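Visitor: Residue numbers (the working numbering): 14 to 107. C-beta: ideal position from N, C-alpha, C; glycine also. These numbers were taken from a predicted model, which means no experiment stands behind them.
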Amino acid sequence: MRGIMGRSLKVSPGCTEQVKSALGRNGFPSQKALAEELDIGLSTVKKFLTGQPVDYSYFLEISERLGYEWRNIVSCLTSKLHWVYNTTVILNSK
């Protein structure tokens, strides 16, 4: 499912500090450890934690692993977030 939509999401500026602190709370001693567990690039994890845009599928995956409901921490880069979410639900149900 990664990369299908080409949409990016980022952590809301008001949530970046709490998201960064979630690493330790969830047993990750470093950003690299999280990246390795999820089998994604370290640069993607760093972007996520600093509020930079990442592919929506990575955003959902990292959010879930850190214990967050993605909709509670997202800052939408596109006005079509609702469309992305609904399409993701449809793709996942097949």
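With a 10 Å radius around its C-beta and 16 neighbouring C-beta atoms as the bar for buried, classify Thr-57 as buried or exposed.
Guide: Taking the sequence shown and counting its residues from 1, one reaches residue 57 at position 44. Answer is buried; the Cβ neighbour count reaches 16.
Visitor: What is the DSSP secondary structure of Leu-62, counted as helix, strand or coil?
Guide: As a first step, residue 62 is located in the sequence shown; it is residue number 49 there, counting from the start. DSSP places Leu-62 in helix when its eight states are reduced to three.
Visitor: Tell me whether Glu-74 is buried or exposed, calling it buried when 16 or more other Cβ atoms sit within 10 Å of its Cβ.
Guide: Position 61 of the sequence shown, counted from the start, is the residue given in the question as residue 74. Classification for Glu-74: buried.
Visitor: Would a C-beta distance cut-off of 8 Å place Trp-51 and Gln-44 closer than the cut-off?
Guide: Here residue 51 is taken as the residue at index 38 of the sequence shown, counted from 1. Here residue 44 is taken as the residue at index 31 of the sequence shown, counted from 1. What sits at residue 51 in the sequence shown is Leu, not Trp. Taking 8 Å as the Cβ cut-off, Leu-51 and Gln-44 do not qualify as a contacting pair.
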